[in-house]
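First up is the structure itself, then whatever we jot down about it.
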Amino acid sequence: MFTQDEIKQQLGIYAADFIKNDMLIGLGTGTTVYYLLKELGKRKQQGLNFTAVCTSLQTQNILKEEGMNFISLDYVDRLQLAIDGADEVDENGSLIKGGGGALLQEKIVEAAADELIIIVDEKKNVKTLGAFPLPVEVITFGWKQVKQKIESAYNIKTRLREKDGKVYLTDHQHYILDCFFNTIPDPGQLNNDLHLMPGVVETGLFVDMANKIITGHSDGSITVRDI
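When we follow the UniProt record's numbering, the leftmost residue of the sequence shown carries the number 1, and every step to the right adds one.
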């Protein structure tokens, strides 16, 4: 049996094979992607050359440490590939993302990619989304109004995200409401409806975006599912 970290490390090594010389790629954020970044750092030293657009300051800082090239999305028309993790993946390939707080930038970068590969451990694969709290990014002004509207509209509980005893701020100085839906049978509709609420910046629902789901299993095997 492989540990969670060993599974993530294997996924990082496996996913790195998709990145070829001179590619323009998007790199996600999170604990699984961390191992991908470390593997790419090794391959960079071995001669692999690529340029990345980062989905967070955290990822950008790791690329700096590893001596890898990165560029602003503003200087890019399209990305050939993006690789990221997810908090949940349903049977249709819809995702909940944003547990690490980078959902806004992740969605912008990954929408600019010709292909999106998601790397997850087997526990992230679910029949229906919703057991993982859905992150909804909101502006700081009037956030309580948004919180109340979401709770009232869907009869659910929400929680303002905190970190280290303080309200969590995203890279773009927004708040995140973690929403306890428990089940989300129609992610596309919910995503659209939440976007109609004034004050909502982005949701952690990534629908019709992933092209390939790569899953690491506790027995050490890796499976690939094309969406």
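Every residue gets a Cβ at the ideal spot worked out from N, C-alpha and C, and that includes glycine.
Here the structure is a predicted model, which is why all the values come from computation and not from measurement.
{"Asked": "Which two residues bound the contiguous beta strand (DSSP E) that contains D178?", "Found": "175-180"}
{"Asked": "Find the nearest neighbour of G143 within the set H174, K163, G130, I119, judged by alpha-carbon distance.", "Found": "It is worth fixing the name first, because residue 143 is Trp in this sequence and not Gly. Of the listed residues, the one whose Cα sits closest to W143 is H174."}
{"Asked": "Could I get the ranges of all uninterrupted beta strand (DSSP E) runs contained in the region 53-126, with 3 residues as the minimum, in chain order?", "Found": "81-84, 116-121"}
{"Asked": "Between Q10 and I222, how many whole angstroms is the CB-CB distance? I'm expecting something under 8 Å.", "Found": "7 Å"}
{"Asked": "Would you report the Cα separation of I7 and I71, rounded to the nearest angstrom?", "Found": "29 Å"}
{"Asked": "For R225, which residues does DSSP report across the bridge?", "Found": "I213"}
{"Asked": "Using 8 Å as the cut-off, can you tell me whether the region 86-104 makes contact with the region 189-206, which would need three or more C-beta pairs spanning the two stretches below that distance?", "Found": "yes"}
{"Asked": "Considering only the alpha carbon of each residue, which of L177, A153, L24, G100 lies closest to E137?", "Found": "L177"}
{"Asked": "With DSSP as the reference, identify every bridge partner of E6, one or two as the case may be.", "Found": "Paired residue(s): none; E6 is not in a bridge."}
{"Asked": "In chain order, what residues of the same chain lie with their CB nearer than 8 Å to the CB of A16, ignoring the 5 residues before and after it?", "Found": "L36, E39, L40, R43"}
{"Asked": "May I ask you to check if the CB of L48 is nearer than 6 Å to at least one heavy atom of the ligand GDP?", "Found": "By its list of ligands, the structure shown contains no ligand whatsoever, and the ligand GDP lies outside what it can speak to."}
{"Asked": "Are there 16 or more other CB atoms within 10 angstroms of the CB of K166, so buried, or fewer, so exposed?", "Found": "exposed"}
{"Asked": "What are the partner residues of V136, as DSSP defines its beta bridges?", "Found": "L177, T203"}
{"Asked": "Please list the terminal residues of the continuous alpha helix (DSSP H) segment that includes L190.", "Found": "187-195"}
{"Asked": "In whole angstroms, what separates the C-alpha of D84 from that of K64?", "Found": "18 Å"}
{"Asked": "Leaving out five residues on either side along the sequence, give the residues of the same chain with a beta carbon under 7 Å from the beta carbon of K149.", "Found": "M197"}
{"Asked": "May I ask which residues mark the beginning and end of the beta strand (DSSP E) holding L24?", "Found": "23-27"}
{"Asked": "For the candidate residues A82, Y75, A102, whose alpha-carbon lies nearest to that of H172?", "Found": "A102"}
{"Asked": "CA-CA distance, D90 and L27?", "Found": "22 Å"}
{"Asked": "Measuring alpha carbon to alpha carbon, tell me which of L73, I117, G99, M68 ends up nearest A82.", "Found": "I117"}
{"Asked": "Determine the closest residue to I119 out of F2, G67, V224, with distance taken between C-alpha atoms.", "Found": "V224"}
{"Asked": "Use the C-beta contact count for Q105: other C-beta atoms within 10 angstroms, 16 or more gives buried, fewer gives exposed.", "Found": "buried"}
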